[in-house]
Amino acid sequence: MADKTLTTRDVVSRLESGMTVGIGGWGSRRKPMALVREVLRSDLKDLTVVSYGGPDVGLLCAAGKVKKVVFGFVSLDSIALDPHFRAARQQGAVEVAEYDEGMLQWGLYAAGIRLPFLPTRAGLGSDVMKQNPTLKLVQDPYGTEQLVAMPSLRLDVALVHMNRADAQGNGQFLGPDPYFDDLYCLAAEQAFMSCERIVPTAELSATVHPATIKINRQLVTGVVETPNGAHFTSCAPDYERDEAFQREYVKAAGDRQAWAAFEKRYLSGTEDDYQAAVTARAEEAA
1 MADKTLTTRD VVSRLESGMT VGIGGWGSRR KPMALVREVL RSDLKDLTVV
51 SYGGPDVGLL CAAGKVKKVV FGFVSLDSIA LDPHFRAARQ QGAVEVAEYD
101 EGMLQWGLYA AGIRLPFLPT RAGLGSDVMK QNPTLKLVQD PYGTEQLVAM
151 PSLRLDVALV HMNRADAQGN GQFLGPDPYF DDLYCLAAEQ AFMSCERIVP
201 TAELSATVHP ATIKINRQLV TGVVETPNGA HFTSCAPDYE RDEAFQREYV
251 KAAGDRQAWA AFEKRYLSGT EDDYQAAVTA RAEEAA
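In our numbering, the protein residues as written are 1 to 286.
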């Protein structure tokens, strides 16, 4: 079996401007932030981002990388809204397609099984239909009910983060929720998975149930070992969300000068520079 290990730079070198990029995780939980930060360092632009969004969406909007956001929400969990996404939307800087969370899931699943749409009750009776006037209703061919025809959300590339992986692309979650990372990989032409640690395949199921190996190697194009790579989002049980850092991020977003200082300290260098700055910040706080 092929060794699929890559670096973050390798991954981003395979992306192109204008792509539709699905980003796994959920809000401010287990986001592939090291990969997102590598995108920030690149010349990529005009991306369509599909996400149960958090700071991944916010940072990409702040950097001017995004043309359109397809989302169920863009939240920092303990803080209701990502400030950069809110600003981008209020200013009309990005196109948006806002769906019910279940509709987004169903769109990814439709793409994964190569269907143009899937019928669902999610969204019926809500303003989702008003906000997305191109959505269609379909008649149940076996009855009288009308259902939403949720269109396929086909991705050019998926970026996800897992707790553990092997070099062949099998990915394992160890926290309380797999989220929909497997659907992102299934819906994408290429899927790149970062992880806290690459381990031998046998180690994935040595002490925990094999059902935690949620990502199948056949869906994965490349694997990147990125310790602390989900920071400042959580990657339970390896680490929780860095709430203090998240508050600093939100506070800085509200002031142009403060954001410039934040970018200079944390986002102007390499991933090693970022992690060193995070460590230094924690030592200062201690």
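Yeah, the Cβ is synthetic: ideal placement off N, Cα and C, and Gly gets one too.
{"Query": "For residue 61: DSSP bridge partner residues", "Result": "Paired residues: none, contrary to the question."}
{"Query": "7 Å Cβ shell around residue 266 - same chain, five flanking residues per side excluded", "Result": "274, 277"}
{"Query": "For residue 196 and residue 217, believed in contact at Cβ under 8 Å, the rounded distance", "Result": "Actually they do not touch by this definition, with Cβ atoms about 18 Å apart."}
{"Query": "Own chain partners of residue 89 with C-beta closer than 7 Å, once the 5 adjacent residues on each side are dropped", "Result": "96"}
{"Query": "Own chain residues within Cβ distance below 6 Å of residue 154, not counting five before or after", "Result": "111"}
{"Query": "Residue 87 (DSSP reduced to helix, strand or coil)", "Result": "helix"}
{"Query": "Rounded separation between residue 124 and residue 131 - CA only", "Result": "12 Å"}
{"Query": "Segment contact, 8 Å Cβ cut-off, at least three pairs: the stretch 70-89 with the stretch 21-34", "Result": "yes"}
{"Query": "Where residue 173 sits in the DSSP three-state scheme", "Result": "coil"}
{"Query": "Other residues of its chain near residue 116: CB distance less than 8 Å, five sequence neighbours each side excluded", "Result": "110, 151, 152"}
{"Query": "Residues that DSSP places opposite residue 185 in a beta bridge", "Result": "Bridge partners of residue 185: none, in fact."}
{"Query": "Residue from 245, 230, 98 with nearest C-alpha to residue 36", "Result": "230"}
{"Query": "Cβ shell of residue 53 (< 6 Å), same chain only, five flanking positions each side left out", "Result": "71, 74"}
{"Query": "Where the beta strand (DSSP E) through residue 12 begins and ends", "Result": "Residue 12 -> not in any beta strand (DSSP E); alpha helix (DSSP H) instead, spanning 8-13."}
{"Query": "Same chain, Cβ closer than 7 Å to residue 291, neighbours up to 5 away in sequence not counted", "Result": "Lying outside 1 to 286, the shown extent of the chain, residue 291 is not represented and no answer is given."}
{"Query": "Residue of 32, 139, 15 minimising C-alpha distance to residue 42", "Result": "15"}
{"Query": "Span separating the alpha-carbon of residue 107 from that of residue 69", "Result": "14 Å"}
{"Query": "Pairwise C-alpha distance: residue 245 and residue 83", "Result": "14 Å"}
{"Query": "Under the three-state DSSP convention, the category residue 295 falls into", "Result": "Summary: the structure shown does not reach residue 295, with the chain confined to residues 1 through 286, and so no result is reported for it."}
{"Query": "Assigned exposure category for residue 38 - 16 Cβ within 10 Å defines buried", "Result": "buried"}
{"Query": "Cβ neighbour criterion (16 or more within 10 Å) applied to residue 179", "Result": "buried"}
{"Query": "Three-state secondary structure (DSSP) of residue 156", "Result": "strand"}
{"Query": "Cβ-based neighbour list, residue 118, same chain, cut-off 6 Å, excluding 5 preceding and 5 following", "Result": "106, 110, 150"}
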